[in-house]
Every structure is written in structure tokens, then in C-alpha cells.
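**Q**
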Amino acid sequence: MANRRCRLFHVDAFTRQRFCGNPAIVVLDGDHLSEQEMQTIATEVNCETGFVLEAESGDHDMQVRYFTPRHPASFVGHVTIAAQYVRAKVDGKPTGKLRQRTGAGIVEVEVTEVDNDLRVAITQNPPSLGPTIPDHHRRQVLDALGISSPSLHNDCPLQIMTKGTSRLLIGLRSPDLLNSLKPDFEELTRLTPHVGAEGYFVFALNERGDGTESRMFCPALGIPEDPVSGNAHGMLGVYLVNHGLLQPQEGRVVFEGRQGQWVRRPGSVRVEVESSGKVAQSVRITGDAVILYEAEVQV
């Protein structure tokens with residue numbers, strides 16, 4: 003039992019610059035690990051971690067299991083980018099499309115060669131549009147984030163989106179206002195079960211209207227401020243189309259989401275939404291990655 007070993011990689015996702023983007027741990031050769039052992043590794047490295055596993059049936063080509071330092075997760079966007087990058091880069095897996103099983107269902111992944119490196123795209127069914135939150139919770143959330151009502155974008159309701167996990171989307175009038183946020187993490191954690199969202203995604207359209215800047219706070223998940231979230235940007239794409247804030251051209255919206263600069267880890271996510279009018283049909287998030295180091299772990 004003590005002779006079992008697996009390869010562990012520290013990766014920064016949604017960037018090609020080391021120490022930027024969103025950090026993730028990727029573990030290869032983990033098919034022999036139990037769920038408890040996977041959780042132990044994720045807790046030890048204190049980072050969202052993906053375990054790359056062989057397929058278990060013919061409807062997918064491989065699978066990834068996700069763990070935060072505290073508990074399992076059904077799907078984590080930046081860990082998926084990191085896992086597929088490592089799998090292709092280190093093990094020499096062919097580029098192209100494959101089907102990856104996650105706790106939130108099967109997603110289509112495509113790895114392409116771009117500028118002498120690899121880029122990973124994830125296509126999935128759109129997230130669910132949830133309820134807008136009632137006025138008393140709205141006031142509590144804004145107070146806990148340090149947002150004044152005049153700072154809100156008039157066409158952006160405070161609405162919950164769900165894809166495996168849930169986020170409350172909050173739109174501001176200008177990206178400049180993101181710098182003035184003063185999150186009270188203890189209060190945001192207390193509000194989480196009452197609001198019904200596991201995190202708070204605050205965003206603004208840029209002046210050109212072709213991209214966004216954002217910040218995300220998930221203290222209830224042990225992540226005070228998430229550097230760059232792929233899953234939340236997929237939610238954002240559907241939200242923007244649904245509320246008419248971005249207009250599809252030939253049934254498609256494309257924009258770049260920037261995040262992470264407030265925690266000194268800037269990164270970007272390319273988001274594509276295929277839609278019929280204001281109804282999203284699919285969401286595709288694309289990002290780069292870079293490997294910081296590799297280690298061997300004995301379990």
C-alpha cells in the first residue's frame with residue numbers, strides 16, 4: 003500500500019504567466035485512490051484539486067473528480083482547464099475533442115495548439131437561471147459587499163445562477179466600482195444559506211461593451227476571493243444574453259472576461275454562448291494554462 007505513487011502538478015489556469023490566473027492541483031495516476039485519500043490530498047495541498055481518471059463506460063473518454071480543501075465538488079472550471087492541459091502536455095495525449103465525465107454531467111473538451119502551446123475549451127449545457135433575491139436579502143448582500151444601490155447597473159437584477167454550484171450575479175455600472183468593494187467575509191458566509199448561493203460574482207461590462215471585469219467571493223467554500231472562475235463566467239455569459247446586455251450575432255455571443263487583478267493574479271476567460279434569441283443553447287469557456295512544478299506523491 004505504501005508503494006502507491008501518483009504524479010501531482012501545480013498549474014495556473016486562465017493565464018500563460020506563472021503566479022497569475024487561478025491555481026489548481028492536478029493529480030495523474032489516481033485511479034487507485036479512495037475518495038477519502040483524494041480529499042486528504044486536496045486538504046493537504048490546500049487547493050482545489052482535480053484527479054484525472056480512466057473512463058468507466060462508453061459514453062465518455064475519461065473523467066475528472068474534483069475536491070476543494072473542504073469537500074468534494076461536482077465541477078470546477080479552472081481545474082478542468084488545468085487537468086486537460088496537463089494530460090495533453092505531460093502524457094502526450096492527442097489534441098482534439100473528447101468527452102469528460104464530471105459530477106455535473108458530461109462536458110465536451112477540445113485541446114488545440116495555439117502559439118506553440120496548448121489551449122483548452124470546455125463546452126457544456128447552459129447553467130440554470132434561478133430566482134432574483136428578495137429585497138431584504140438584497141440589502142444585506144449589498145451592505146456585506148460595500149456596494150451602494152446607485153452603483154448597480156439598472157438592467158442587472160441580483161439573480162442566482164446554478165451549474166453544479168450556485169452563484170449570485172451582481173452587475174455594477176462601471177468596472178471602476180469594483181475597486182471600492184469592501185467584502186465582509188463573515189457576514190457573506192452567514193448570508194450564504196439564506197440567500198441560496200454559494201458565492202457572489204460581482205461584474206461590470208467594459209466601456210466598449212465587448213468584455214467584462216469581475217470579482218468573486220466564496221468565503222462559505224473557504225475561498226475569500228476566487229482569482230479567475232471559468233464556471234462563473236459561463237453563468238455570466240448566459241445571464242448577459244438572457245437580459246439583453248450582449249446581443250448575439252448570427253446566434254452567437256463572444257466576449258473576454260477579465261478577473262483576478264485585485265488579488266494580484268490577473269487572468270482571462272474567453273466565453274462563447276450559442277443562443278436562439280435570448281435563450282442560451284450551449285456555453286463554451288476557453289483558457290490557457292502553465293505548469294509551475296511537478297511532484298511525486300506517495301500514498
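Quick note on the numbering used here: the sequence shown kicks off at 3 and runs consecutively. Even glycine gets a Cβ: it sits at the ideal position worked out from N, Cα and C.
When DSSP labels each residue in this structure, what does Gln263 get in the three-state scheme?
**A** Correct three-state label for Gln263: helix.
**Q** Within 10 angstroms of the Cβ of Ser277, are there 16 or more other Cβ atoms? Answer buried if so, exposed if not.
**A** When all chains shown are included, Ser277 counts as buried.
**Q** I'd like to check one pair, Val281 with Gly236: are the Cβ atoms closer than 8 Å?
**A** No, Cβ-Cβ distance for Gly236 and Val281 is not below 8 Å.
**Q** Run the CB neighbour count on Ser176, radius 10 Å, all protein chains shown included, and call it buried at 16 or more, exposed below.
**A** Exposed: under 16 other Cβ atoms inside 10 Å.
**Q** Can you find at least 3 beta carbon pairs, one from the stretch 184-202 and one from the stretch 142-155, that sit closer than 8 Å?
**A** Cβ pair count under 8 Å is three or more, so yes.
**Q** Starting from Pro250, follow its DSSP beta bridges and name the residues at the other end.
**A** Per DSSP, none; premise fails for Pro250.
**Q** At 4 residues or longer, what runs of the alpha helix (DSSP H) sit wholly inside the stretch 195-246?
**A** If we require 4 residues or more, the alpha helix (DSSP H) runs fully inside the stretch 195-246 come out as 232-244.
**Q** How would you label Val116, buried or exposed, when you count the other beta carbons within 10 angstroms and need 16 or more for buried?
**A** The residue in question, Val116, is exposed, as its Cβ has fewer than 16 Cβ neighbours within 10 Å.
**Q** For the beta strand (DSSP E) containing Leu174, name the first residue and the last one.
**A** No beta strand (DSSP E) contains Leu174, which DSSP labels as neither H nor E.
**Q** Suppose the cutoff is 6 Å on Cβ atoms and the five residues either side in sequence are ignored; what does the same chain contact list for Glu112 look like?
**A** These residues qualify, in order along the chain: Lys99, Ala123.
**Q** Evaluate Glu215 with the Cβ neighbour count: other Cβ atoms within 10 Å of its Cβ, from every protein chain shown; 16 or more gives buried, anything less gives exposed.
**A** Buried.
**Q** Give the DSSP-derived three-state secondary structure of Ile135 in the structure shown.
**A** The answer is coil: DSSP assigns Ile135 none of H, G, I, E or B.
**Q** To the nearest angstrom, how far is the alpha carbon of Met3 from that of Gly166?
**A** The predicted model places Met3 with a pLDDT of 45, which falls under 50 and marks its position as unreliable, so this point remains unresolved.
**Q** For the alpha helix (DSSP H) that contains Gly269, what are its first and last residues?
**A** It is not in any alpha helix (DSSP H) - Gly269 instead sits in the beta strand (DSSP E) that spans 269-278.
**Q** DSSP on Gly79, reduced to helix/strand/coil?
**A** Gly79: helix per DSSP, three-state reduction.
**Q** Based on Cα-Cα distance, which residue from Gly279, Arg6, Val240, Gln263 lies nearest to Gln126?
**A** Nearest option by C-alpha distance: Val240.
**Q** Which residues in the same chain as Val204 place their Cβ atom closer than 6 Å to its Cβ, once the five residues preceding and following it in sequence are excluded?
**A** Correct list, in chain order: Ile172, Arg217.
**Q** Taking only runs that begin and end inside the stretch 77-124, name each unbroken alpha helix (DSSP H) of 4 or more residues, in chain order.
**A** The qualifying runs are 79-92.
**Q** Mind reading off the beta-carbon distance from Ser153 to Leu174? Whole number of angstroms is fine, and I expect it under 8 Å.
**A** About 5 Å separates the two Cβ atoms, so the contact holds.
**Q** Based on the DSSP output, what are the partners of Asp14 in its beta bridges?
**A** Paired residues: Pro25, Val292.
**Q** Tell me whether Ser130 sits in a helix, a strand or coil according to DSSP, three-state version.
**A** Reduced to three states, the DSSP call for Ser130 is strand.
**Q** Does the beta-carbon of Gly23 have 16 or more other beta-carbons within 10 angstroms, so that it is buried, or is it exposed?
**A** The residue in question, Gly23, is buried, as its Cβ has 16 or more Cβ neighbours within 10 Å.
**Q** Below 8 Å on the Cβ atoms is my guess for Gly201 versus Ile162; work out the distance and round it to an integer in Å.
**A** Contact flag wrong, Cβ pair sits at about 10 Å.
**Q** Just to confirm the assignment, what range does the alpha helix (DSSP H) spanning Glu46 have?
**A** Note, Glu46: alpha helix (DSSP H), 37-47.
**Q** For His73, count neighbouring Cβ atoms within 10 angstroms of its own Cβ and tell me buried if that reaches 16, exposed if not.
**A** Exposed, since its Cβ has fewer than 16 Cβ neighbours within 10 Å.
**Q** Check the DSSP bridge columns for Phe53 and list the partner residues they point to.
**A** Bridge partners of Phe53: Val29, Arg67.
**Q** Which whole-angstrom value is the C-beta distance of Ala199 and Ser168, which I expect to be below 8 Å?
**A** About 5 Å; that satisfies the 8 Å criterion.
**Q** When the Cα atoms are used, what is the spatial distance from Arg103 to Val29?
**A** Whole-angstrom Cα-Cα distance: 16 Å.
**Q** Would Ala335 and Ala15 be called neighbours here (beta carbons separated by less than 8 Å)?
**A** Shown here, the chain extends from 3 to 301; a query on residue 335 therefore has no answer.
**Q** Whole angstroms is fine: what's the gap from Glu46's alpha carbon to Pro71's?
**A** Taking the straight line from one Cα to the other gives about 7 Å.
**Q** How many whole angstroms separate the CB atoms of Val92 and Gly52, which I take to be in contact at a CB cut-off of 8 Å?
**A** Actually they do not touch by this definition, with Cβ atoms about 14 Å apart.
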